[in-house]
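Some notes on the structure that comes next.
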Amino acid sequence: MRYNIGKFSIITTASALILSGMGAVGVAQAQPVQSTSLYAPSALVLSVGKSNGADVTVQRAVTLSCAPRPSGTHPSPTAACADLLAVDGEFTQLTTPPQRSCTREWDPVVINANGVWQGRNVSWSATFGNACEMQASLTEGSVFGF
18 MRYNIGKFSI ITTASALILS GMGAVGVAQA QPVQSTSLYA PSALVLSVGK
68 SNGADVTVQR AVTLSCAPRP SGTHPSPTAA CADLLAVDGE FTQLTTPPQR
118 SCTREWDPVV INANGVWQGR NVSWSATFGN ACEMQASLTE GSVFGF
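Plus 17 on top of the position in the sequence shown (first one is 1) and you've got my numbering.
Have a look at this one:
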């Protein structure tokens, strides 16, 4: 008799465990990831450095984020974002021929912009003969004014 009761309790316990496990198991369905942002991302790293041929040594660098509101380590993020918005993120339009005379000293300065502007990848760079040429070419803008 004990033998039958033991067998019965094992079957009952196993059935209870299986049924309780079956009730807890469900099919998980992943929901598609949707962006909830109203703004395309605009986050950039801007740098100014010295060039000695193939290598560039960064001297100064800042971050600039323009959406949803201007921020970052840039000293004037609002003005810099306004300048970029005015040229639709086309960095080549920020530089102009130098507006003043500079010495012909060869001490190359490289400016870089890397990141994302309104959802588009950006990797831009310009080289100037020296710091005077860089400042003369960027007189109107505040993007690289740091």
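Just so it is clear, CB atoms sit at the ideal spot from N, CA and C, and this is done for glycine as well.
- The straight-line gap separating the alpha-carbon atoms of G146 and A57 is approximately 35 Å.
- The alpha-carbon of D124 is positioned some 8 Å away from that of S68.
- If you look at S154, you'll find it in the alpha helix (DSSP H) that goes 148–154.
- In this model, L101 and F108 are separated by some 8 Å (Cα to Cα).
- Beyond the five residues adjoining it in sequence on each side, T90 comes within less than 7 Å, by CB distance, of V79, T80 in the same chain, given in chain order.
- Looking at the DSSP output, S82 bridges to A60, S88.
- Residues D100, L111 of the same chain have their beta carbon placed closer than 7 Å to that of G158, with the five preceding and five following residues left out of the count.
- Scanning C149, I128, T144, G66 for the CA closest to the CA of Q76 turns up G66.
- A direct Cα-to-Cα measurement between C149 and T120 gives close to 8 Å.
- For T95, the enclosing alpha helix (DSSP H) has its first and last residue at 94–103.
- Excluding its 5 nearest sequence neighbours in each direction, S142 has C-beta neighbours in its own chain below 8 Å: V127, I128, N129, A130, listed in chain order.
- C-alpha of A84 to C-alpha of L155: approximately 24 Å in a straight line.
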